[in-house]
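Here the protein sequences line up with chains X and W, keeping their order.
The opening residue of the first sequence carries number 1010 in the numbering used here; numbering runs sequentially from there.
The opening residue of the second sequence carries number 1010 in the numbering used here; numbering runs sequentially from there.
Glycine included, C-beta positions come from ideal geometry on N, C-alpha and C.
Below is one structure; the comments refer to it alone.
Protein chains: 2
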Amino acid sequence: MKKRPVSLKDLANELGVSISTVSRALKNHPNISPELTHKIKELAIKRSYVPNPLAMGLLRQQTKMIGVIVPDIVTYFFASIISGIESVAEEKGYYIVISSSSELYKKEVESVNNLLKARADGLIVCLSQETKDFSHFESLIRDEIPLVFFDRIVESLKVPSIIVDGTEAAKNITHHFYENGCRRIAYISGPEHLNISKDRKQGYLKGLTECGLQFHPELLIECNLNAAEATLATRQLLNLKQIPDAIFGINDTVAFAAMKEIKKHQLRIPEDIALVGFTDEFHSKIVDPALTSVSHPTWKMGQEAARILIEIIETGKKSKKQIKLQTELVIRKSSLKATKSGL
Amino acid sequence: MKKRPVSLKDLANELGVSISTVSRALKNHPNISPELTHKIKELAIKRSYVPNPLAMGLLRQQTKMIGVIVPDIVTYFFASIISGIESVAEEKGYYIVISSSSELYKKEVESVNNLLKARADGLIVCLSQETKDFSHFESLIRDEIPLVFFDRIVESLKVPSIIVDGTEAAKNITHHFYENGCRRIAYISGPEHLNISKDRKQGYLKGLTECGLQFHPELLIECNLNAAEATLATRQLLNLKQIPDAIFGINDTVAFAAMKEIKKHQLRIPEDIALVGFTDEFHSKIVDPALTSVSHPTWKMGQEAARILIEIIETGKKSKKQIKLQTELVIRKSSLKATKSGL
DNA sequence: TTGAAAGCGCTAACAG
DNA sequence: CTGTTAGCGCTTTCAA
Chain X
1010 MKKRPVSLKD LANELGVSIS TVSRALKNHP NISPELTHKI KELAIKRSYV
1060 PNPLAMGLLR QQTKMIGVIV PDIVTYFFAS IISGIESVAE EKGYYIVISS
1110 SSELYKKEVE SVNNLLKARA DGLIVCLSQE TKDFSHFESL IRDEIPLVFF
1160 DRIVESLKVP SIIVDGTEAA KNITHHFYEN GCRRIAYISG PEHLNISKDR
1210 KQGYLKGLTE CGLQFHPELL IECNLNAAEA TLATRQLLNL KQIPDAIFGI
1260 NDTVAFAAMK EIKKHQLRIP EDIALVGFTD EFHSKIVDPA LTSVSHPTWK
1310 MGQEAARILI EIIETGKKSK KQIKLQTELV IRKSSLKATK SGL
Chain W
1010 MKKRPVSLKD LANELGVSIS TVSRALKNHP NISPELTHKI KELAIKRSYV
1060 PNPLAMGLLR QQTKMIGVIV PDIVTYFFAS IISGIESVAE EKGYYIVISS
1110 SSELYKKEVE SVNNLLKARA DGLIVCLSQE TKDFSHFESL IRDEIPLVFF
1160 DRIVESLKVP SIIVDGTEAA KNITHHFYEN GCRRIAYISG PEHLNISKDR
1210 KQGYLKGLTE CGLQFHPELL IECNLNAAEA TLATRQLLNL KQIPDAIFGI
1260 NDTVAFAAMK EIKKHQLRIP EDIALVGFTD EFHSKIVDPA LTSVSHPTWK
1310 MGQEAARILI EIIETGKKSK KQIKLQTELV IRKSSLKATK SGL
C-alpha cells in the first residue's frame, strides 16, 4: 500500500497556518511575509512536497499528457522522432504517451479513442499505412483537440504538419543512380493513398525525365511497407525479361528485403543492381553492402511537432502551419556502381 | 481552446436529477429504477460522456499510469517487451509512460524522479548499464511505490523481477560452438556489475569446462554495450597471436559490430570465425551471414512484468517473486562451421 | 498579511 | 428509490 504523499494541508497543519497561505508562499506570492515564506518553503523541501498533478489537472482541466501515435516503435526513424518530441515535451512540463498503431487502421482508431478517454491535451500522429478514412481525426478537430501530423499526413485536413521534401529526395536518388550509370531504375513504392508514396513517386518520375530516361511502368511496383511484400515486389522485378539495374525502395525495410532477395538471385549489389533506401535506419551501415539511404532530420521533426502542438495547446490559437524539411542522401556502397565518382 | 467535455453534472442538469443518481445509474447501482437508468445511459451515450480520469484519480489517489524505464527504445528487444507490458496494461485499464535512460545513470535517476512527480502508480525498470548506485530505487521502496525489474536487475534489492536464464543460454552457445568444431571460443562481455554479464559469463565458463576446453583469459573481454567498444574489443581479439575461432557477443549490437570488424580483417564468417549474438534482434536475419542468436520470450517478459506490477498495485501485497524464463538458440549461418550438423 | 470558501468531477456515506 | 453532503488537493476570489 502506497503511502499518501504530503499535501499542502499536511504542511499547513504542521505549521498551524492555512492551506492558502502555504499555497501562496510556495509560489512566491508577494503578500506573504518573507519569514513565513521561508519557513514554509523549508518545510516543503524537508517533507519533499510535490504538487499533486491530478488536483492541478482537475482544476485547470488539463492533463499535461501528449499522445503520440506512430505506425511502429521499433524503427530508428520513429524512435528518434519520439525522442525529439520528448525532449521539448519534458522541457515544457508535458509527458508523452506513445501508442503504436502497428500500421493498422483499427488500432489507430483505438489509440485515438484511448488517448481521448485519458484526456490527452493534444495528439501528434503519423498515419498507419492502412488509414484511408479520417473520421476519427475529424471528430478530434470538431472537439478542438490540438492535433499535429508528421511524415504521413492527411492532406485534406487543415492541420499543422511536419513533413520532409520526399519529391526532392527521390529526384536526387534518381539522379544519383543515373550518374552511376544506371538506366533501368525501378521504384518499389508504398500504398498510393499515402502522401509519402505520392511525393516520392513524383520525384522519381521527375528525376527520370530530367535524366532523359523513359518511364517503364513495369519498373514501378506498389506494395505495402513490410518485408514480405517487398520481397515479392523485388522478385517480380528480378523476373522481368529485362531486369532493372537499380532499385529504389520507399524505405529501408523495403530496401533490406530487396537486398536479401537480390542476393538470393545471385546478383551483386551494386555491380548488377544498385540499391537505395529511405529514412536511413540504424542498420543501413551494418548490412553488406552498406545501404545508401536518405537520412531525415528526425530529432528536429519531433521537436518541431511538439513545439507546434504545445503552442496550440497553450495559446488556443488554431494553426495550419506546414513545415517541410530537407533530407540528405547518404551515399554508401550499395549504390556506388561507377568508379568515376571519386568517392 | 478545447471544449469542456460533458460531466455528470451536465447530464444531471439536462435530466433534472441529481449528480449522484446519474453516477449510480451509470454503474448499474440496483437502487435506481430501470427506466431512469435506461434514460440516463442513453443520454450519456448521446452526449458521449466519458468519466474524467483526473477526478477519479484524485479521489482514489491513483493515476493509472505505469512508468517504464528502459535503456533504449530502438532495439527490438525493448520495443517488444514494451509491447507486452502495454498489452496487459491496457487490458487492466492502465496506460504506460516510457522513459529511456539511454544507458545513462543520470537519466535513469531523472526518469525515476519524473515518474514519481507524475505520481505513477508503479514502475517497471531495466537498469541502465551505468547504474551501480541504487538509492533512487531504495527510496521508491521506502515510499512503497510498486516496482518490478526485468532483464537487468538489482539483485541485492528484494524486488520482483523477470529475467532469462542467461547462464543456461550461454552454456548452450559454448556447446554449439564446440559441436561446430570451434576450440578457441571468445566472449565479449558487458560491464561486470550487471547480472546479465555475470550470468552469461558463468554459462560461458561452465560450457568451456563441460566441453573440456581450457579458459584463456585473453579471450574474455569486458566492454560497454555499444558498437564502438565492441569494435575495439573485436579488434583486440583479432590482434591476438592466436586469434579465436569463435566469438560470442553479449548482445546483437555487439555481435553486429564484431561482424563488421571481422569482415574488415578479411576473415570469413563462419569459416574463420563463428559468431553468435544474444537477444535476436530484428536484423539478425538481414545481416550477411545471418546471425545465430538467442531469442527471448520478450512479449511474455513484458506481460509478466506488467501482471506482477499491477497485482502489487491493486492488492498492496508485497512480493519478491522472481521469474526466470528460458531462451532459445536460433541457429543461423554465422555459426555453422561444420557441415555434419544436418542443418 | 492571512484565512475562509467555492469549485474542478467524481464517489460514497448518510439522509430522507 | 433518490438527494444531500463531504472530501480527494489545489487555486483563487472574497473577506477580514
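Report the residue from the options whose alpha carbon sits nearest the alpha carbon of residue i.
| i | options | result |
| --- | --- | --- |
| L1149 of chain X | X:R1128, X:F1087, X:K1141 | X:R1128 |
| E993 of chain W | W:A1237, W:L1234, W:T1243 | This structure gives no information on residue 993 of chain W, because the portion of chain W shown stretches from 1010 to 1352. |
| G1221 of chain X | X:S1206, X:N1235, X:F1186 | X:F1186 |
| G1311 of chain X | X:I1094, X:S1328, X:P1060 | X:I1094 |
| P1155 of chain W | X:E1100, X:S1344, X:K1012, X:A1064 | X:K1012 |
| I1162 of chain X | X:L1063, X:S1206, X:L1017 | X:S1206 |
| P1060 of chain X | W:G1025, W:K1126, W:T1183, W:E1099 | W:K1126 |
| V1134 of chain X | X:V1097, X:D1152, X:F1087 | X:F1087 |
| S1344 of chain X | X:L1300, X:G1199, X:P1080 | X:L1300 |
| E1231 of chain X | X:I1252, X:T1218, X:F1257, X:R1033 | X:F1257 |
| V1118 of chain W | W:D1130, W:I1105, W:L1136 | W:L1136 |
| H1184 of chain W | W:P1200, W:K1215, W:I1197 | W:K1215 |
| A1239 of chain W | W:L1217, W:I1182, W:A1264, W:K1250 | W:A1264 |
| T1288 of chain W | W:T1262, W:R1277, W:K1210 | W:T1262 |
| V1015 of chain W | W:P1062, W:I1182, W:H1038 | W:P1062 |
| N1235 of chain W | W:E1320, W:K1210, W:A1267 | W:A1267 |
| P1253 of chain W | W:V1296, W:K1273, W:T1218, W:I1197 | W:I1197 |
| V1079 of chain W | W:R1069, W:I1090, W:A1021 | W:I1090 |
| P1306 of chain W | W:E1280, W:S1328, W:V1339 | W:V1339 |
| L1229 of chain X | X:N1204, X:L1241, X:I1282, X:I1194 | X:I1194 |
| D1130 of chain X | X:I1319, X:E1313, X:N1204, X:Q1138 | X:I1319 |
Could you tell me which residues DSSP pairs with residue i in its beta bridges?
| i | result |
| --- | --- |
| M1065 of chain X | DSSP lists no partner for M1065 of chain X. |
| G1025 of chain W | None, per the DSSP bridge assignment. |
| Q1331 of chain X | X:S1170 |
| Y1196 of chain X | X:L1229, X:F1257 |
| M1074 of chain X | X:Y1104 |
| G1131 of chain X | X:I1075 |
Please confirm if residue i has its CB atom under 8 Å from at least one CB of chain X.
| i | result |
| --- | --- |
| V1157 of chain W | no |
| V1106 of chain W | yes |
| A1064 of chain W | yes |
| K1269 of chain W | yes |
| R1013 of chain W | yes |
| Y1085 of chain W | yes |
| I1082 of chain W | yes |
| D1019 of chain W | no |
| I1256 of chain W | no |
| H1292 of chain W | yes |
| V1134 of chain W | no |
| Q1275 of chain W | no |
Which same chain residues, not among the five before or five after residue i, have their C-beta less than 6 Å away from its C-beta?
| i | result |
| --- | --- |
| Q1335 of chain W | D1174 |
| A1178 of chain X | V1303, T1336 |
| G1351 of chain X | Residue placement at G1351 of chain X is flagged as unreliable, the pLDDT there being 40, under the threshold of 50; a coordinate-derived value is accordingly withheld. |
| K1349 of chain W | Residue confidence is low: K1349 of chain W scores 47 on pLDDT, short of 50, so the model does not pin down where it sits. Its coordinate-derived value is still stated next. Cβ within range, chain order: n/a, list empty. |
| D1208 of chain W | G1175, T1176 |
Would residue i pass as an interface residue toward chain W - the criterion being a Cβ-Cβ separation below 8 Å?
| i | result |
| --- | --- |
| E1153 of chain X | yes |
| A1088 of chain X | yes |
| R1128 of chain X | yes |
| E1337 of chain X | no |
| I1230 of chain X | no |
| N1061 of chain X | yes |
| F1265 of chain X | yes |
Could you check if residue i is buried or exposed, using at least 16 other CB atoms within 10 Å of its CB as the buried criterion?
| i | result |
| --- | --- |
| R1316 of chain W | buried |
| E1044 of chain W | exposed |
| K1346 of chain W | buried |
| K1018 of chain X | exposed |
| S1027 of chain X | exposed |
| L1276 of chain X | exposed |
| T1324 of chain W | exposed |
| A1237 of chain X | exposed |
| H1047 of chain X | exposed |
| N1122 of chain W | exposed |
| P1039 of chain W | exposed |
At a cut-off of 7 Å, would you count residue i as near the ligand FMN, judging by its Cβ distance to the nearest heavy atom?
| i | result |
| --- | --- |
| E1280 of chain X | Among the ligands in the structure shown, none appear at all, so the ligand FMN cannot be discussed. |
Under 7 Å Cβ to Cβ from residue i, same chain only, skipping five residues before and after it: list those, please.
| i | result |
| --- | --- |
| L1249 of chain X | E1227 |
| L1020 of chain X | V1031, I1049, L1052, A1053, R1056, Y1058 |
Can you list, in chain order, the residues of its chain whose CB lies under 8 Å from that of residue i, leaving out five sequence neighbours each side?
| i | result |
| --- | --- |
| K1309 of chain W | G1093, L1334 |
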